[in-house]
Amino acid sequence: MIARFFIGLGFALAASVANAGSTFATDDYTLPFYDPAVSLSYGVDRDPRACYQLDWTGTLWHDCNLHYGRVYDGHTGADYPMSLGSPVAAARDGAVVDLFEGYGTQQFGTYGNYVLVSHADGRRTLYYHLAQNGALVSVGQAVHAGQGIASSGCSGQCYGAHLHFEMRKSTSGSWVPVDPIFEQRYTTNPGRVPFLAAYIRESNAGTEVIERYSTVTHWVEFKNTGGRTWRNNTGVGRILLGTWNPAQHSSPFKAADWGSTWFATNVDQSAVGPDGIGRFTFGLHADVTPGSYDEDFNLLANSLRWFDYARLGSFHVPIYVITNTSQ
Amino acid sequence: MPDRPNVRRAARLAHPWPALLLLGAVLLLLGACSALVGDPSLTAPPSDLPSATPSATVAPSPDTRPGLPGSFPVMPGAVAAELPADPTVIASWTVDRVGSAAYDFYASALPRAGFRVAGLYPAERAAIIRFDAPDGEIWQLLAEQVGDGTRITVRTDRP
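Written as structure tokens, this is what we have:
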């Protein structure tokens, strides 16, 4: 019934329906890469019969053909086009339970190089066709959602570099591939990349005029357009605002409330879920020669990854320092 | 009076040759006149008569499939394959390699040859590249493993 209900619906509508009434959690699975422009090549075939294909929209194809963007017959995962060497990320917190990285780009085996991650909800995720010696983790290592775990490749059976992402759960003692969309385990359908933000507004969108030796308070708001909840009270993955161009440069405008010479602030709220608005409040202290300046900032998932600065809105603060008239 | 037309028609049917000869003479005369005055419309056959030019009323056949542009890249080592009866298949080759080679070649060669790529859809044993055809339509290049080789097929778009 649910499959028929989805016929003809687009991604967005299917998402809202699929998530309705589920045990949806804001820290659930995200897409295993960072570029939101990557689109699905082929999804899971949910019909076990040969030459019957039930795709993620609920459409049933009675043939053996490839249906781009939808499905191909007998497919057990989701294929995403990714150029060689692109970063592959863990879809959720977990632990690496197996990996192989010895294959070249010839056709060896079916899946080629892979990383297998076990998650606390009992599911496992697999990442296939990875680059030779492309694993960035080791067996037994704990990984965080959004953490880079490997480089993509084209090992195993592969017609065009891509990532085969597969979710499995244990059923009657064996691991069975399932469709993440219909497992209702994505934060959105068909998922979001883990870390992404869009500029909304700031306390002063013009030039901050600051008297020399004084401090002004500035805040900026970003929408969480990624799949991970932003938090300010965790170690790895905490979302913070830091200097950019170049990354982590010592800022001449570091104020007393900064965490370091480049780390301006954490996100103000304790949790900002997908589609929420996060505010970052920080001081700007002018201890420089009067004149015009421009300071760039970017968001960082602590110890994991900087956000895409361009997609963030290339946030920067023009600053004009004037002579302190009280001295 | 009502009988006269029937009599005349019967006479024409009973003796067709003089009429045909007369018609031929008229056509020859018209042809000569058109050549003199330079009006090609006078020699154009009626639209309901068979013509050497294919028309929309002709049933689809392999001869009606779209032609491959001369600038279309062909993968080195590719051997032309016999086309199926399916008129949506435009061209087909085989190469004696499996894996990503054919996909990789066309993913870069198509845009270099001026064909905008509309979508890349790699997978395990086959891949599709959708690209803009010269007439504004979208065509597909399908590379699929067949035995120890790869079949490359150019065809019109399909879901």
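These protein sequences, in sequence, are chains A and B. Numbering-wise (our numbering), the first sequence opens with residue 220 and increments by one. Numbering-wise (our numbering), the second sequence opens with residue -9 and increments by one. We treat Cβ as the ideally placed atom computed from N, Cα and C, and that holds for glycine.
By the criterion of a C-beta distance shorter than 7 Å, Phe319/A is surrounded in its chain by Asn332, Tyr333, once the five residues flanking it on both sides are discounted. Judged by DSSP in its simplified three-state form, Pro493/A adopts coil rather than helix or strand. The beta carbon of Cys283/A lies closer than 6 Å to those of Cys270, Asp292 in the same chain, with the five residues before and after it left out. In this structure, the CA atom of Asp398/A is about 54 Å from the CA atom of Tyr539/A. Going by DSSP, Leu335/A is part of the beta strand (DSSP E) stretching over 332 to 337. Judged by beta-carbon spacing, Gly365/A lies within the 7 Å limit of Pro413/A, meaning their Cβ atoms are closer than that value. Using a Cβ-Cβ distance cut-off of 8 Å, the segment 96 to 103 of chain B and the segment 77 to 86 of chain B are not in contact, since fewer than three pairs of beta carbons, one from each stretch, lie closer than that value.
Interface annotation for the segment 111 to 133 of chain B against chain A: Tyr111, Pro112, Ala113, Glu114, Arg115, Ala116, Ala117, Ile118, Ile119, Arg120, Gln130, Leu132, Ala133, criterion Cβ-Cβ distance under 9 Å.
For Phe482/A, there is no enclosing alpha helix (DSSP H); the enclosing beta strand (DSSP E) has its first and last residue at 482 to 485.
The DSSP assignment places complete beta strand (DSSP E) segments of no fewer than 3 residues inside the segment 39 to 115 of chain B at 79 to 85, 107 to 111, in order along the chain. In the three-state reduction of the DSSP assignment, Arg450/A falls in the strand class. Close to Ser90/B, with beta-carbon spacing below 8 Å, are these residues of chain A in chain order: Thr324, Cys373, Cys377, Tyr378, Gly379, Ala380.
For Arg420/A, the enclosing beta strand (DSSP E) starts and ends at 416 to 421.
Bridge partners of Met386/A according to DSSP: Thr344/A, Val397/A.
Per DSSP, Leu303/A lies in no beta strand (DSSP E) segment and is marked neither H nor E. Cβ-Cβ separation between Arg106/B and Phe121/B: approximately 6 Å, consistent with a contact (criterion under 8 Å). Residues of chain A whose Cβ lies closer than 9 Å to the Cβ of Pro77/B do not exist; the shortest such Cβ separation is about 17 Å.
Contact between the segment 305 to 317 of chain A and the segment 260 to 280 of chain A is not established, with fewer than three Cβ pairs separated by less than 8 Å.
When the Cα atoms are used, Pro63/B and Ala71/B turn out to be separated by approximately 16 Å. Secondary structure note for Tyr528/A: its alpha helix (DSSP H) is the uninterrupted segment 528 to 531.
Taking Asp476/A as the centre and dropping the five residues before and after it, the same chain places the C-beta of Gly502 closer than 6 Å to its C-beta, in chain order.
For Ala380/A, the number of other beta carbons within 10 angstroms of its own is at least 16, and it is reported as buried. Assignment of Glu320/A by DSSP, reduced to helix, strand and coil, places it in the coil class. The alpha-carbon separation between Gly497/A and Glu430/A amounts to approximately 28 Å. Leu131/B is bridged by DSSP to Ile119/B, Val144/B. Listed along chain A are His286, each with a C-beta nearer than 7 Å to that of Pro149/B.
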